[in-house]
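This report concerns only the one structure given below.
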Amino acid sequence: MLLCGYGRPAQAQVVPPAAPCNTVSGSTVTCSGNVSAGIAIDQVGAPADTFSTLNVNGVTRDIAPASMIDGIYFGSDGNVTINSDTGPFSITTTGDNADGIEAYSYNGNVKVTHAGDIITRGDYARGIYADGVASTIVDHTGNITTRGYGSEGIYATGYGRVSVKQTGTITTQGVYSDGIYATAFGGPITVNQTGSIVTHGDGAWASTRSVRSPTSPSTRPAISRPMAMALTASAPFRLLETSRSGRPATSPPMAMTPTASPRSPTGAT
1 MLLCGYGRPA QAQVVPPAAP CNTVSGSTVT CSGNVSAGIA IDQVGAPADT FSTLNVNGVT
61 RDIAPASMID GIYFGSDGNV TINSDTGPFS ITTTGDNADG IEAYSYNGNV KVTHAGDIIT
121 RGDYARGIYA DGVASTIVDH TGNITTRGYG SEGIYATGYG RVSVKQTGTI TTQGVYSDGI
181 YATAFGGPIT VNQTGSIVTH GDGAWASTRS VRSPTSPSTR PAISRPMAMA LTASAPFRLL
241 ETSRSGRPAT SPPMAMTPTA SPRSPTGAT
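All letters in the sequence shown, in the order written, are residues 1 to 269 by full-length UniProt numbering.
In C-alpha cells:
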C-alpha cells in the first residue's frame with residue numbers, strides 16, 4: 001500500500017484522518033493520544049491538498065515507529081505547517097533515513113514548531129528535516145540526539161528565507177553530522193540557538209556555515225581533511241545574509257570551547 005505522492009510506504013503509521021488523527025477543522029488536522037506508530041501525511045502529487053496544518057498534542061506515549069520510518073512526516077505540494085508538542089514523551093526513530101520530523105513542500109512554505117526531545121538511531125536520520133520551496137522556518141524547544149552517519153540535528157533548506165530557532169541541547173555522534181545545517185538558494189538565513197551543540201564525528205561542525213546563493217554552486221564549506229570538532233557552541237548566534245560568493249555576508253564571531261581535544265587533521269605536522 002502506498003500513500004499518494006512519490007511512493008512512501010504507509011507501514012503502520014497513522015494516516016489522517018484515521019483515528020486518533022481524526023479531529024479535522026477545515027485544512028487543519030489534530031492528532032492526540034497514542035500515535036506511537038508515527039504520523040504520515042503525503043499529498044505530493046495529489047489532485048488537491050486536503051491538509052495544510054498538522055497539530056500533534058496530548059500524546060500518551062513516545063512516538064517510536066517501526067525501523068526506517070519517520071516519527072512525523074508531512075509532505076505536500078502546498079504549504080506545510082507542523083505544530084507538535086510531545087510533552088514528557090519523545091520522538092524516537094531507528095533505522096536509516098528515519099527522521100524525527102520531516103516536513104516537505106513542493107511549491108509552498110514550510111513551518112515546523114516542535115516542543116519535545118528527538119532521538120534518531122540510523123544513518124541519514126535527521127532530528128528535524130524541513131524543505132520548503134518558499135520560506136522554511138524551524139522553531140524547536142527540547143533536546144535532539146542523532147547517532148548515525150550524515151544525521152544532522154536540524155537540517156533546514158529553502159529557496160526563500162530560512163530561519164532556525166532552537167532552545168536546548170543538540171548532540172550528534174556520527175560522521176558528517178552537523179548540529180544545525182541551513183541552506184538558502186537566494187534568501188537570507190537566520191540561526192538562533194540557545195543552549196549547546198556538541199558534535200563528535202569527523203567533519204561534523206557545531207554550527208552551520210552552509211550557505212548557498214543563486215551564483216554559488218557550493219552548499220557547504222569544503223573539508224579537505226578529516227576533522228574531529230567535538231565542540232560546544234556558545235549561544236545565541238546568528239547567521240544572516242547570503243553574499244554573492246555564497247558565503248555569509250554577516251557572521252558575528254562565535255565563541256567555541258572544546259569539550260575534548262580535537263584530533264590533529266590527517267597529515268598535519
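Beta carbons are placed, not taken as given, at the ideal position from N, Cα and C, and that holds for glycine.
Sixteen is the threshold: since fewer than 16 other Cβ atoms of the shown chains lie within 10 Å of the Cβ of asparagine 107, the residue is exposed.
Between valine 14 and aspartate 96, the alpha-carbon positions lie close to 20 Å from each other. Between the segment 64-83 and the segment 17-25, the count of Cβ pairs shorter than 8 Å is below three; the stretches do not touch. A Cβ-Cβ distance of about 5 Å is found for the pair arginine 121 and threonine 94, placing them in contact under the 8 Å criterion. The C-beta distance from valine 59 to threonine 86 rounds to 5 Å, short enough to fall under 8 Å. The criterion of a C-beta distance shorter than 7 Å is satisfied by valine 138 and alanine 156. DSSP, read as helix, strand or coil, puts glutamine 166 in strand. When beta bridges are read from the DSSP output, serine 76 appears opposite Ser105.
The beta carbons of threonine 167 and valine 198 sit no closer together than 7 Å. Within the same chain, Cβ atoms closer than 8 Å to the Cβ of tyrosine 124 are found at Asp96, Asn97, Gly148, Tyr149, Gly150, Ser151, the five residues on either side in sequence being excluded. The continuous beta strand (DSSP E) containing serine 25 extends over residues 23-25.
Within the same chain, Cβ atoms closer than 6 Å to the Cβ of arginine 161 are found at Ser135, Gly187, Pro188, the five residues on either side in sequence being excluded.
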